[in-house]
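Working notes for the structure below.
Number of protein chains: 2
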Amino acid sequence: MIHTALARPALIAAAVSLSAALAATGVAADDGLGDYRDRFEPLPHLPPIPAHNSLTEEKVELGNMLFFEPRISSSGVISCATCHNPALGWSDRIPRATGHDGQIGERNTPTVLNSGFLGAQFWDGREPDLEGQALGPIQADIEMAMDLDAALERLEEFELYQEKFAEAFPGDDNPINKDNLAQALASFQRTLNTPNSPFDRYLRGDMNAINDQEKRGMQAFVDTGCIACHSGPALTDSNFWAIQVPGSTDVGRFDVTGDEADMYKFRTPTLRNVGVTYPYMNNGATETLEEAVAIMGREMLNRELEGEMIADITAFLHTLTGKMPEFQVPALP
Amino acid sequence: MIHTALARPALIAAAVSLSAALAATGVAADDGLGDYRDRFEPLPHLPPIPAHNSLTEEKVELGNMLFFEPRISSSGVISCATCHNPALGWSDRIPRATGHDGQIGERNTPTVLNSGFLGAQFWDGREPDLEGQALGPIQADIEMAMDLDAALERLEEFELYQEKFAEAFPGDDNPINKDNLAQALASFQRTLNTPNSPFDRYLRGDMNAINDQEKRGMQAFVDTGCIACHSGPALTDSNFWAIQVPGSTDVGRFDVTGDEADMYKFRTPTLRNVGVTYPYMNNGATETLEEAVAIMGREMLNRELEGEMIADITAFLHTLTGKMPEFQVPALP
């Protein structure tokens, strides 16, 4: 269900680009790959918005502030944007997340780009949605290491946050609370999408938006079976699959469910913007996309992919990089 | 000597605001405080540019990238912008700088805003200019903790940096070197200025740009002698003065010169944007501007300032907050 009261320049600009893309439909001759294209979905401009957290300009603005707010970490210098760095594809481009006191976690930081399209959050899917996700890293000992009540008290100290929370959650007597913190952060993150990648333009009918090698890569992606798990608008089924990539001893979803059947299972990662969100895999041990494709062939498809096919698939994956979303570096209080 | 080939939208916008401010000159009746105004200087739009590092668009763009580049830290997550955070007045708003592995330094992070106007860099003035300053925090064990050669090697890995350094330093065979790293960072920082604060507009003739209390604060600032050290366009003489603020055992400039006469001496800090660069003093132990003004009266002017005068001076100091400068969140490679 879509509840949105959002009207921002970024979204208007996105809508204009969409019109332009649609206008291009049918100009070039069809390339005969319609059966392949039909297996994919272009990325919408917004993910599904949950009924309990309507998307408003006020929440997005507040969430934008909070995303860049280091004082909700116990050191006072780590914010969401430290690991989900907009300069680095909204991720960190290091193997494993590095947080409070330089502690290094077990897993690679997932990008927040298009994360509203995921049906489960975190590598192990331990939260179903962005509201659930938002409060995790703030409290995690190896990330922001902050007691949630202390974070809320810190925000309460600032008149500007009192105003912005009241504006974003007008019905609440005490709007600075953990649910609203989560809702604001989730709302901001739902605006961090990258539609109109070359591949989206291709799916919408611009036959020249991707080149011949990239089209061969798309075909190989379908024919070899990558698409079995990497499906839907974000190229993930949001489901869990067992894999032990080189160097990983991480038990994955087993940690969440305690069910032996979930041992070593991880949520299929989105492939949107995969070209700019290296390194790869749950342990971030894989530096290049070519290597990642080869490993996935070996581990998930039980097949040694040839060099040329790897190059083609990699070229295709680069067409999934969209324009980075608009946001503000906020003036914090 | 001014060498500049810079023509950026930000500077053009600034020039337009300047024209608007000048157009306002003489509209309001003079307030009779010309003798006070004559003791001050409005902030120019650019600081002095050294002859050996002309300011070019290419250097500024590269410096902007490097300023946000965490991979020149040994953890891979700390950049210049971590402590000099544009969301926090280009400083960090915590008492003392917190860097590599959460180590906490001895001193409060100075803002980089208008730092090109300072005649000496760092609290202890150990570097004369921004070129000298730039490489310090990268190598400091408690800040970015990076070997400089390792930082240069890391940059060398990226084609985009190879291109950008070559464009910024077209005469060099091996442009990715420490001098150019310093020059690019210094060039970017020289664009981070905040002219056209309310007080600048007042100095340029807009008699209503600051209110009566702020004008009383300006007068008290002159009459009590604050202006003896806080003089010139950045409200600092860039000179060194002995002070031991509450809680500080820091020997200051003595560490640099070994000269007993420099014991406990610190460079006069700029007062530009002091309203948004709390907390205060070399140890960051002073939370409010009112307290800071009282401490300075006591320690430097040997005088217990009255509450009303403290309020007036504080109000005046808030008129020194200018519009935050334009910059890009870069798309890093």
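So the sequences go chain by chain: A and B. So the first sequence is numbered by the numbering used here: it starts at 1 and just counts up by one. So the second sequence is numbered by the numbering used here: it starts at 334 and just counts up by one. Ideal Cβ placement from N, Cα and C applies to all residues, glycine included.
Within the segment 512–537 of chain B, contact with chain A at the beta-carbon level (separation under 9 angstroms) is assigned to no residue. Counting only Cβ-Cβ distances below 7 angstroms, Met324(A) has contacts in chain B at Ala664, in chain order.
The segment 190–201 of chain A makes contact with the segment 313–325 of chain A; the number of CB pairs closer than 8 angstroms reaches 3 or more. Tyr611(B) and Asp129(A) have their C-alpha atoms some 37 angstroms from each other.
Within the same chain, and ignoring the five residues on either side of Leu62(A) in sequence, the residues whose Cβ sits closer than 6 angstroms to its Cβ are Lys164, Ala168, Ala184. Judged by DSSP secondary structure, Lys511(B) falls within the alpha helix (DSSP H) whose first and last residues are 511–522. Within 10 angstroms of the beta-carbon of Arg600(B) lie 16 or more other beta-carbons, which makes it buried.
For Tyr597(B), the closest C-alpha among the options Thr389(B), Gln472(B), Ile427(B), Asp457(B) is that of Asp457(B). For the set Leu665(B), Asn386(B), Val662(B), the Cα lying nearest the Cα of Asp512(B) is the one of Asn386(B). Residue-level contact check: Asp474(B) does not touch chain A, since none of the beta carbons of chain A fall below 8 angstroms from its beta carbon.
Closer than 8 angstroms to the CB of Pro233(A) there is not a single CB belonging to chain B. Counting along the chain, no alpha helix (DSSP H) covers Arg253(A), and no H or E run does either. Ala561(B) and Asn572(B) have their C-alpha atoms spaced approximately 11 angstroms apart. At a cut-off of 8 angstroms, the C-beta of Gly76(A) has a neighbouring C-beta in chain B. If you draw a straight line from the Cα of Gly565(B) to the Cα of Phe373(B), it comes to about 6 angstroms.
For Arg636(B), no beta strand (DSSP E) segment is defined, and its DSSP state is neither H nor E. For Pro419(B), the closest Cβ of chain A is nearer than 8 angstroms.
Counting along the chain, Phe67(A) sits inside the alpha helix (DSSP H) bounded by residues 57–67.
Rounded to whole angstroms, the gap between the alpha carbons of Ile646(B) and Arg537(B) is 20 angstroms.
Here the alpha carbons of Ile382(B) and Val393(B) stand approximately 13 angstroms from one another. In the three-state reduction of the DSSP assignment, Arg267(A) falls in the strand class.
Taking a Cβ-Cβ cut-off of 7 angstroms, Phe158(A) has no neighbours in chain B, whose nearest Cβ is about 11 angstroms from it. As the crow flies, the alpha-carbon of Asn85(A) is around 17 angstroms from that of Gly116(A). Collapsing the DSSP output to three states places Glu127(A) in a strand.
For the pair Leu366(B) and Met633(B), the Cα-to-Cα distance works out to about 26 angstroms.
Taking a Cβ-Cβ threshold of 9 angstroms, none of the residues of chain B is close to Thr56(A); the smallest such distance is about 22 angstroms. Counting along the chain, the unbroken alpha helix (DSSP H) around Ala150(A) starts and ends at 148–156.
Cβ contact annotation for Tyr36(A) (same chain, cutoff 7 angstroms, sequence separation greater than five): Met218, Gln219, Val222, in chain order. Comparing C-alpha distances from Glu326(A) to each of Gly89(A), Ile72(A), Ile78(A) shows the shortest one belongs to Gly89(A). At least 8 angstroms separates the beta-carbon of Gly171(A) from that of Ile142(A). Contacts between Gly435(B) and chain A, judged by CB atoms closer than 8 angstroms, involve Ser75, His100, Asp101, Gly102 in chain order.
Straight-line spacing of the CA atoms in Gln103(A) and Gly409(B) works out to 12 angstroms.
At a cut-off of 8 angstroms between beta-carbon atoms, Ile94(A) makes contact with chain B.
Shown here is that no member of the segment 602–624 of chain B has a Cβ falling below 7 angstroms from a Cβ of chain A. In this chain, the alpha helix (DSSP H) harbouring Phe221(A) covers 212–223.
For Ala285(A), no alpha helix (DSSP H) run applies, since DSSP gives it neither H nor E.
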